[in-house]
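A.B. asks: Quick one: the structure is below, questions incoming.
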Amino acid sequence: MNRFTMLQMPDAQRYWIRRARVPVCFLPGGPKTDLDRDGATLVDMLVDSERIAAIEPAGAPASNDLPAINLEARQVWPSLIDMHAHLDKGHIVARTENPDGSFASALQSTAEDRAKRWTADDIKRRMEFGLRCAYVHGVAAIRTHLDSPELDQAQRSWAVFRDTRAEWADRVLLQAVALAPIDAFRTPYGEELADLVAASDGVLGGVTRAASGVHGRLLDDIDPLLDTILRLALERGLDVDLHVDESGDPAAAALARVAAAVLRNRFKGRVVCGHCCSLAVQPEEQICRTLDLCAEAGIAVVTLPTVNLYLQDRCSGRTPRWRGVTPVHEMRQRGIPVAIAGDNCRDPFHAYGDHDMVDTFRQAVRILHLDHPLADAAAMAGPLPQAIIRAGPLGTIAKGGPARFILFNARTLNELICRPQSDRLVIDRGRQVSVELPDYSELDGI
Ligand SMILES: [Zn+2]
């Protein structure tokens, strides 16, 4: 046992967390003095019951003799935000494998599993498992997409989601997005789905699929379909969150069409585009044009690096030649808000994962070159998704905000990224989360 694993949070309603090293990207309105090479600063934080009552530069003379824990300059982060997940698909990997790891097979295997196995009980059991993993890892908010290809399935999944959201409200803030092929908005079902989403306080979504399935040119009527989605959302006051260009084919170029549609419709809500992989394989001039349009339209982007790495450029017996990720740096240079998120977990779209945003961040740094310098990278897992999905004070450390933290043994971002941080302490409402990761055997027989 090292000194970190022996740390005990004070058993008091009011106590100090002293000498916590916090990257300032997590500290809106907090002290920003004496930054280290990682853009982090040392603070003392006063916890009062469930809230952060004060944040001060470390070393200020104690104004009282409250109990304290001294972190000796270890990293403290807020609980993080996973703004793009698929809790309804999660953990089916043992019963429904992807035979070749390809995107096309993922779609087919998942559709078969959904048609045969997705009872309310089944969805609930796997969703719960995923949420328990996320909570133990220090995730405070999740936006999940819910497969909604037709009304019967959609009603079932959304009912489970609404119950789960209520049951988890005090632990994980949950949002949901309706996920259907964009073709749904060519039929009356589009309107029925929008009504279901509005009644469930959800977000409208869709997949800008290609005309020939996974790869190739866009649907001929993509513009009117996008207009329909935005009109349905506008009429109901909904935000929109789309799966866009999850493909390595440069002909998949829906992102610019989405941006143009947002401008054309003067859409007032927030539009998020997930994936945008093929943008990276388009000509430089086209990338610039598309991103300028996205910036003008106020579009936010979520990148899913672990799943892109798994699915994109996969071809049996051939080594992948690219990482599958969207041009994140070019987006950030234009002021486009970009978040990182986990996406699929243990399903045909991604065989791995554990709903752990610290793991997603550590991998994202490597896949997307978010380092050198590292300073602002962590914002993409906390404050940026918080602002994009409007998750209140979660994902930041702020005076008056919830006392929800992840305490690491690591002192620097390098130390944090090098090890998996399995010994992290997760604090919720000022108290250490004492539950453990669920055992895989709990999923036996699903
Ligand atoms: Zn997704």
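If you count the sequence shown from 1, position 346 lands on 369 in this note's numbering, and the numbers rise without skipping.
The C-beta atom is built at its ideal place from N, Cα and C for all residues, glycine as well.
From D111, Q409, V159, L219, pick the residue whose C-alpha is nearest to that of L138; which is it?
C.D. replies: Checking the sequence, you will find Ala at residue 138 rather than Leu. The candidate whose alpha carbon is nearest that of A138 is D111.
A.B. asks: Compute every distance between the C-beta of L327 and the non-hydrogen atoms of ligand 1, then say whether any falls below 8 Å.
C.D. replies: Yes.
A.B. asks: Whose C-alpha, out of L278, Y333, Q356, is nearest the C-alpha of I322?
C.D. replies: The candidate whose alpha carbon is nearest that of I322 is L278.
A.B. asks: Taking the alpha-carbon of C300 as reference, which of E73, A275, C317, W100 has the nearest alpha-carbon?
C.D. replies: Of the listed residues, the one whose Cα sits closest to C300 is A275.
A.B. asks: Would you call the CB atoms of V200 and R166 closer than 9 Å?
C.D. replies: Cβ atoms of V200 and R166: closer than 9 Å.
A.B. asks: Please tell me whether A129 and N121 are closer than 9 Å, where the distance is taken between their beta carbons.
C.D. replies: Yes, the pair counts as a contact, with Cβ atoms nearer than the cut-off.
A.B. asks: Mind checking M380: buried by the 16 CB within 10 Å criterion, or exposed?
C.D. replies: Under this definition M380 is a buried residue.
A.B. asks: Could you name the residues that DSSP lists as bridge partners for T64?
C.D. replies: T64 pairs with V45.
A.B. asks: Sorry if obvious, but does the Cβ on D366 come closer than 8 Å to a heavy atom of ligand 1?
C.D. replies: Yes, the beta carbon of D366 sits closer than 8 Å to at least one heavy atom of ligand 1.
A.B. asks: If you measure from the CB of G470, is any heavy atom of ligand 1 nearer than 8 Å?
C.D. replies: Residue 470 is absent from the model: the chain starts at 24 and stops at 469.
A.B. asks: Looking only at its own chain, which residues have a Cβ that is under 7 Å from the Cβ of L227, when we skip the five neighbours before and after it?
C.D. replies: The answer, listed in chain order, is A201, A217, V220, I252, L255, A256, L261, V263.
A.B. asks: In whole angstroms, what is the alpha-carbon distance linking L174 and S270?
C.D. replies: Those two C-alpha atoms are separated by around 27 Å.
A.B. asks: Within the present structure, is the beta-carbon of H378 separated from the nearest heavy atom of ligand 1 by less than 8 Å?
C.D. replies: No, ligand 1 has no heavy atom inside 8 Å of this Cβ.
A.B. asks: Can T187 and L197 be called in contact, C-beta distance under 9 Å?
C.D. replies: In this structure, L197 lies closer than 9 Å to T187 by Cβ.
A.B. asks: Would you say the region 433-444 touches the region 91-100, given that touching needs at least three Cβ pairs under 8 Å?
C.D. replies: Cβ pair count under 8 Å is three or more, so yes.
A.B. asks: Among A76, A364, D377, which one has its Cα closest to the Cα of G113?
C.D. replies: Of the listed residues, the one whose Cα sits closest to G113 is D377.
A.B. asks: Considering Cα atoms alone, identify which of I390, G53, R312 is closest to T349.
C.D. replies: Residue I390 is the option with its Cα nearest to T349.
A.B. asks: Which complete beta strand (DSSP E) runs does the region 321-375 hold, if anything under 3 residues is left out?
C.D. replies: Correct list: 323-326, 361-363.
A.B. asks: Is the beta carbon of M29 sitting closer than 9 Å to the one on I450?
C.D. replies: Not closer than 9 Å, so no.
A.B. asks: At a threshold of 8 Å, does G225 count as lining ligand 1 (C-beta to nearest heavy atom)?
C.D. replies: No - ligand 1 has no heavy atom lying nearer than 8 Å to the Cβ of G225.
A.B. asks: In this structure, how does DSSP classify R194 when only helix, strand and coil are distinguished?
C.D. replies: R194 falls in the coil class under three-state DSSP.
A.B. asks: Within 10 angstroms of the Cβ of S180, are there 16 or more other Cβ atoms? Answer buried if so, exposed if not.
C.D. replies: With 16 or more Cβ atoms within 10 Å of its Cβ, S180 is classed as buried.
A.B. asks: Which residue wins for smallest C-alpha separation from R185, given the options I146, A163, A374, L466?
C.D. replies: Comparing Cα-Cα distances from R185 to each of I146, A163, A374, L466, the minimum goes to I146.
A.B. asks: If we count the other Cβ atoms within 10 Å of its Cβ and call it buried at 16 or more, is P211 buried or exposed?
C.D. replies: Result: exposed.
A.B. asks: Using a Cβ distance threshold of 8 Å, determine whether the region 280-298 contacts the region 311-327, with at least three qualifying pairs required.
C.D. replies: The region 280-298 vs the region 311-327: in contact.
A.B. asks: Rounded to whole angstroms, what is the Cα-Cα separation between G453 and L69?
C.D. replies: Using only the alpha carbons, I get a separation of about 10 Å.
A.B. asks: Identify the continuous beta strand (DSSP E) that holds E95 and give its terminal residues.
C.D. replies: First-last of the beta strand (DSSP E) with E95: 91-101.
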